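Here is the structure we will look at, set down as structure tokens.
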Amino acid sequence: TKRLKEREPERSVTFAIARGLSVTGDKTLLSAVLENLLENAWKFTSKHNEANIEFGARLENGKRIFFIKDDGAGFDMRYVDKLFGPFQRLHTKEEFPGIGIGLASVKRIISRHGGRVWVEGAVEKGTTFYFTIP
Numbered sequence: 001t002k003r004l005k006e007r008e009p010e011r012s013v014t015f016a017i018a019r020g021l022s023v024t025g026d027k028t029l030l031s032a033v034l035e036n037l038l039e040n041a042w043k044f045t046s047k048h049n050e051a052n053i054e055f056g057a058r059l060e061n062g063k064r065i066f067f068i069k070d071d072g073a074g075f076d077m078r079y080v081d082k083l084f085g086p087f088q089r090l091h092t093k094e095e096f097p098g099i100g101i102g103l104a105s106v107k108r109i110i111s112r113h114g115g116r117v118w119v120e121g122a123v124e125k126g127t128t129f130y131f132t133i134p
């Protein structure tokens, strides 16, 4: 979060990051997952004067589910199947820069660790990415 804030210090973004969360897995790959998801949250809240980004976990049916939630641009759930495909974009490059491989990478890394990833969102109401690591 520090790196994101240093890059655009004028932005008003509140981060809520849960402490003490850990998993067993490839540190480099799992760091890339968090980096991609936090970068996405940062990018897709950029058009809002004030934004909130949260990273945490909850227990559901005995499984720990991690999440990264933002209150940014969101998306239409009719297009959810496109999100994790390589080079798939729901917004134009002019609106939000990027090439469309970040979420495909996230899905591949999580799958490689035996977990799963999914997302919920609504236009202008934000997005929440969920993932599990067994």
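With this note's numbering applied, the sequence shown has no gaps in its numbers, which climb one by one up to 134 at the end. Ideal placement from N, C-alpha and C gives every residue a C-beta, glycine not left out. Every value quoted in this text rests on a predicted model; they were computed, and no experiment measured them.
is_contact[residue i, chain B] using C-beta, thresh 7 Å
i, result
"Ala51", "Given the protein chain composition of this structure (a single chain), no chain B is represented."
Extent of the continuous alpha helix (DSSP H) to which residue i belongs
i, result
"Phe44", "27–44"
"Leu103", "102–112"
"Glu8", "Glu8 -> no alpha helix (DSSP H), and no H or E assigned at all."
Classification of residue i by the beta-carbon crowding that lies within 10 angstroms, buried from 16 upward
i, result
"Asn36", "buried"
"Lys43", "buried"
"Leu21", "exposed"
"Thr127", "buried"
"Ile17", "exposed"
"Ile99", "Low local confidence applies: a pLDDT of 48 at Ile99 is under 50, so the model's placement there is unreliable, with the coordinate-based value given in what follows. Ile99 comes out exposed."
"Thr24", "exposed"
"Asn61", "exposed"
"Leu59", "exposed"
"Val117", "buried"
Spatial distance of residue i from residue j (CA atoms)
i, j, result
"Ala73", "Leu83", "14 Å"
"His48", "Lys2", "19 Å"
"Arg7", "Asp71", "20 Å"
"Gly85", "Asn52", "26 Å"
"Val123", "Gly114", "30 Å"
"Tyr130", "Leu38", "12 Å"
Residue span of the beta strand (DSSP E) that contains residue i, given as start and end
i, result
"Lys82", "It is not in any beta strand (DSSP E) - Lys82 carries neither H nor E in the DSSP assignment."
"Glu120", "117–122"
Strand pairing of residue i, partner residues [DSSP]
i, result
"Gly126", "Ala122"
"Phe15", "Ile53"
Next item on the list: Would you mind listing the beta strand (DSSP E) stretches within the stretch 44–72 that are 3+ residues and don't spill past its ends, in chain order?
Entry: 50–60, 63–70
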